[in-house]
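The block underneath contains the structure these notes are about, expressed in structure tokens.
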Amino acid sequence: MTSAISPRFSSFFGLDTLRNTKRRLPMRKKNTSMMKMEMSYGPGKKKLNHVEVMRLREKLGLRVGGFHPPKPVCSFAHFGFDKQLMDSIRKSEYEQPTPIQALAIPAALSGRDVLGIAKTGSGKTAAYLWPAIVHIMDQPDLAVGDGPIALVVVPTRELAIQVYQEAKRFCKVYNINVICAYGGGSKWEQSNELKNEGAELVVCTP
Numbered sequence: 001m002t003s004a005i006s007p008r009f010s011s012f013f014g015l016d017t018l019r020n021t022k023r024r025l026p027m028r029k030k031n032t033s034m035m036k037m038e039m040s041y042g043p044g045k046k047k048l049n050h051v052e053v054m055r056l057r058e059k060l061g062l063r064v065g066g067f068h069p070p071k072p073v074c075s076f077a078h079f080g081f082d083k084q085l086m087d088s089i090r091k092s093e094y095e096q097p098t099p100i101q102a103l104a105i106p107a108a109l110s111g112r113d114v115l116g117i118a119k120t121g122s123g124k125t126a127a128y129l130w131p132a133i134v135h136i137m138d139q140p141d142l143a144v145g146d147g148p149i150a151l152v153v154v155p156t157r158e159l160a161i162q163v164y165q166e167a168k169r170f171c172k173v174y175n176i177n178v179i180c181a182y183g184g185g186s187k188w189e190q191s192n193e194l195k196n197e198g199a200e201l202v203v204c205t206p
């Protein structure tokens with residue numbers, strides 16, 4: 001999942017020097033609460049210097065590669081999420097970004113491809129679901145026959161159901177339709193749901 005580099009993320013994460021080759025899509029709808037959110041939840045004004053970044057990576061146990069990787073963060077407020085998503089996060093089990101979230105989310109929000117490796121229970125699911133939600137909400141409404149906007153592929157049926165439930169929890173405040181497709185269920189029902197109802201986000205397993 002990739003998205004266009006957003007100016008409100010790029011300078012904070014040190015990506016303002018990268019050339020934006022992503023195609024900017026029209027906004028799905030004008031969100032007047034987004035501007036208020038940026039004042040309340042936007043990134044702090046202070047930029048981490050190189051030494052501070054290295055110390056934070058060491059503290060979080062992060063190993064990172066790639067060209068000018070984004071800086072990690074230590075607070076959910078630094079992600080610049082809108083109030084709806086922030087409220088959902090506050091109601092969840094997360095008190096602060098986990099190490100994988102601290103680095104993977106800034107990269108994903110900045111339009112970077114991410115290959116993240118972390119142990120079970122480290123918050124990997126949210127690390128790609130939250131940027132996916134931001135990306136979905138930046139797209140035009142789906143027309144008949146369109147979609148999905150985001151696709152999550154996992155190796156097992158059990159994991160697909162688990163990710164689906166997690167996605168539903170955070171997507172419901174936006175009325176984002178989430179569908180889970182896996183073997184062992186009714187192919188007719190799943191195909192009918194995809195064809196007739198459509199979905200912005202599909203979780204599936206081969």
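Per full-length UniProt numbering, the sequence shown starts with residue 1, numbered consecutively. A virtual CB, placed ideally from N, CA and C, is assigned to each residue, including glycine. Since this is a predicted model, take the numbers as computed values, not measurements.
(message) Extract the residue ranges of the beta strand (DSSP E) inside the segment 98–170, only unbroken runs of 3 or more that lie entirely within it.
(response) 150–153
(request) Buried or exposed for isoleucine 117, please, with buried defined as at least 16 other CB atoms from any protein chain shown within 10 angstroms of its CB. (result) exposed
(request) Note down the Cα distance separating serine 40 from lysine 47, rounded to an integer number of angstroms. (result) Summary for serine 40: the model assigns pLDDT 34, below 50, so the residue's position carries little reliability; its value from the coordinates is reported in the next sentence. In a straight line, the C-alpha of serine 40 is about 18 Å away from that of lysine 47.
(message) Once DSSP output is grouped into helix, strand and coil, what is the label at serine 89?
(response) According to the sequence displayed, residue 89 carries isoleucine and not serine. Isoleucine 89: helix per DSSP, three-state reduction.
(request) Measure the alpha-carbon distance for isoleucine 176 versus alanine 199 and round it to whole angstroms. (result) 7 Å
(message) Nearest by alpha-carbon distance to glutamate 158: which of Met137, Ile100, Ala181 and Ala150 is it?
(response) Ala181
(message) Would leucine 103 and proline 72 be called neighbours here (beta carbons separated by less than 7 Å)?
(response) yes
(message) If the criterion is Cβ atoms closer than 7 Å, does the pair serine 88 and phenylalanine 170 meet it?
(response) yes
(request) Answer with buried or exposed for arginine 90, where buried requires no fewer than 16 other C-beta atoms within 10 angstroms of its C-beta. (result) exposed
(request) Going by CA-CA distance only, name the one from Gln162, Val153 and Arg112 that's closest to glycine 121. (result) Gln162
(request) To the nearest angstrom, report how far apart glutamate 52 and glutamate 58 are at their CA atoms. (result) 10 Å
(request) Answer yes or no: do isoleucine 149 and glutamine 139 have a C-beta to C-beta separation smaller than 7 Å? (result) yes
(request) Could you give the DSSP three-state label for alanine 77: helix, strand or coil? (result) helix
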